[in-house]
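Report on one structure; see the data block that follows.
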Amino acid sequence: MEGIARFQTDVAEVFCIADGASDFGAQVFPSVDADTLSLRLSAAGDSTIRTAFNAFLIRQGQALTLVDTGYGALAGDKGGALPARLAALGVMPAQIGTLVFTHLHGDHCGGALAGDTPAYPAARVLMHAAERAHWQDRDGPAARVILACAGRIETVSGGDAVAPGISVWDLPGHTPGHIGLRVGARLVIVGDIFHSAALQLPAPDTATIYDTDPETATRTRKAALAEIAARDLVFTGGHAVDPLKFARLRVDGDGYRAIAA
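Residues in the sequence shown are numbered consecutively from 677, following this note's numbering.
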């Protein structure tokens, strides 16, 4: 189906669902000069810095876990496809039992509310304690989500179980409580440790303007990518684009190249 990629793990069926798509401007990667940007994009077969706003549906029998909610209406016509794509998979919002936020930037939590009402009314809501603390007293979509879901929020940290065979992976730096998930023995969801595979996998020290703590984010990215490559894990992320929605890493010079899983 358009906008939906599937991967079967040992513990779950996992769908990467694009809520929308766009292009990043070069200013998102301030350390990459124009010539280097052009070379890296060309090597990846791209002419623009493509991105997607991904959410993830994890199906374990009748149990459904949603990871992030996309940009929703905050992105205008560049977001908001998640509900229809869930419906195409036979999933209605009230069927989601667990909602996990990798972090609370608008492109990950924007689809969590319908107006001021939770869009996934039956779901327990999981986020890192540091993420909740960072956003709850600020203006913006994150604070609105925390307020609307306050009675159902459970805080988690690295190693905590989310569902059978699925655990939290602490990946700080992009935001204070940024997390990923380890899904069984083979798959990891890495959130926003990268925003452009074309630009950041060949040079993992490339940070973005969206990183709250660029130094920590860079250390996290390097460590995570090294583990993924060493263990030959399949990975997917919040901004992964076709044809690499689910991919593996191969060491390539000082960085990595991705191959479709």
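By construction, the Cβ of each residue, glycine as well, lies at the ideal position given by its N, Cα and C atoms.
Give me the Cα-Cα distance between residue i and residue j, rounded to the nearest whole angstrom.
| i | j | result |
| --- | --- | --- |
| serine 833 | aspartate 699 | 32 Å |
| alanine 728 | arginine 897 | 19 Å |
| aspartate 928 | aspartate 792 | 47 Å |
| leucine 715 | phenylalanine 777 | 34 Å |
| alanine 697 | alanine 757 | 10 Å |
| isoleucine 725 | alanine 790 | 30 Å |
| phenylalanine 870 | glycine 913 | 8 Å |
My guess is that residue i and residue j are in contact by the Cβ rule of under 8 Å, so how many angstroms apart are they, rounded?
| i | j | result |
| --- | --- | --- |
| isoleucine 842 | alanine 799 | Actually they do not touch by this definition, with Cβ atoms about 15 Å apart. |
| glutamine 736 | valine 687 | 7 Å |
| glycine 748 | alanine 805 | No, glycine 748 and alanine 805 are not in contact; Cβ-Cβ is about 24 Å, not under 8 Å. |
| threonine 851 | histidine 810 | 6 Å |
| proline 817 | leucine 750 | 6 Å |
Could you check if residue i is buried or exposed, using at least 16 other CB atoms within 10 Å of its CB as the buried criterion?
| i | result |
| --- | --- |
| aspartate 783 | buried |
| isoleucine 734 | buried |
| isoleucine 885 | exposed |
| arginine 761 | buried |
| glycine 856 | buried |
| glutamine 876 | buried |
| aspartate 868 | buried |
| aspartate 887 | buried |
| serine 718 | exposed |
| proline 943 | With the chain covering only 677 through 937, there is no way to say anything about residue 943. |
| alanine 908 | Looking at the sequence shown, residue 908 is not alanine but aspartate. Exposed, since its Cβ has fewer than 16 Cβ neighbours within 10 Å. |
So residue i is in the alpha helix (DSSP H); what residue range does that whole segment cover?
| i | result |
| --- | --- |
| glycine 931 | Element bounds for glycine 931: not the alpha helix (DSSP H) but the beta strand (DSSP E), 931-936. |
| valine 821 | 817-824 |
| alanine 806 | 805-811 |
Over the uninterrupted beta strand (DSSP E) stretch that includes residue i, give me the two end residues.
| i | result |
| --- | --- |
| glutamate 830 | 829-832 |
| aspartate 695 | 689-700 |
| serine 843 | 842-846 |
| threonine 725 | Before going on, a small fix: residue 725 reads as isoleucine here, not threonine. Looking at the DSSP string, the run of the beta strand (DSSP E) that includes isoleucine 725 is 725-736. |
| alanine 681 | 680-684 |
Would you say residue i and residue j are within 8 Å of each other, going by their C-beta atoms?
| i | j | result |
| --- | --- | --- |
| alanine 936 | leucine 925 | no |
| threonine 892 | proline 848 | yes |
| threonine 774 | arginine 808 | no |
| valine 844 | cysteine 825 | no |
| alanine 934 | alanine 873 | yes |
| isoleucine 904 | valine 864 | yes |
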